[in-house]
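Numbering (this note's numbering), first residue to last: 1 to 201.
Each residue gets a CB set at the ideal place from its N, CA and C atoms; glycine is no exception.
What follows is a set of notes on a single structure, which appears directly below.
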């Protein structure tokens, strides 16, 4: 447990190397992507928090009132909390860059922190769902984003995914998108795309 209230796993990497924050989907936990993150970037600090909201026993990073219907005040709370938490740990471990990878609910909180705070230098959003039109605030120029998604994903529909990608592009982010023909599951081609995306770090 941290003073900010997240249970987490942490691998302390070398100083002046990046920090990779990995964020699980609904019902996952801090173990879901931790080892994957360590293999992706062996010298990086890897931080994997557990969502602090329980939905019928399933861990999440913010509340919702239904599938695709978000509790917007709680999303705002979670965004502020996550941003402060990530910045504090990145400062403690002298991270040269802040990188993020999230799946489903983890991708959603990561996307909103990126949109609202811009603190991530690069982010992988796997099957995100941002079912509202974010406000265009500060520029995201210099940020790199990879969006991965399923063409038949019943949880994160194609038009909503495309709208998020377009919003990030309009804000100045360098956005690439990788699709697979299936649904909400993670496909091997996504894993390959993630490896390539982070290979420069």
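- Fewer than three beta-carbon pairs drawn from the region 161-180 and the region 73-89 are found closer than 8 Å, and the two stretches are therefore not classed as touching.
- Taking the CA atoms as reference points, residue 67 sits about 8 Å from residue 155.
- Counting the other CB atoms within 10 Å of its CB gives residue 44 a total of 16 or more, which places it among the buried residues.
- Residue 149 carries a strand assignment under DSSP once its states are collapsed to helix, strand and coil.
- Closest in C-alpha terms to residue 133, from the list 201, 93, 167, comes 167.
- Between residue 8 and residue 42, the C-beta spacing is not below 9 Å.
- Beta-bridge pairing by DSSP links residue 58 to 55.
- Within the region 33-103, complete alpha helix (DSSP H) segments of at least 4 residues are found at 34-40, 72-92, given in chain order.
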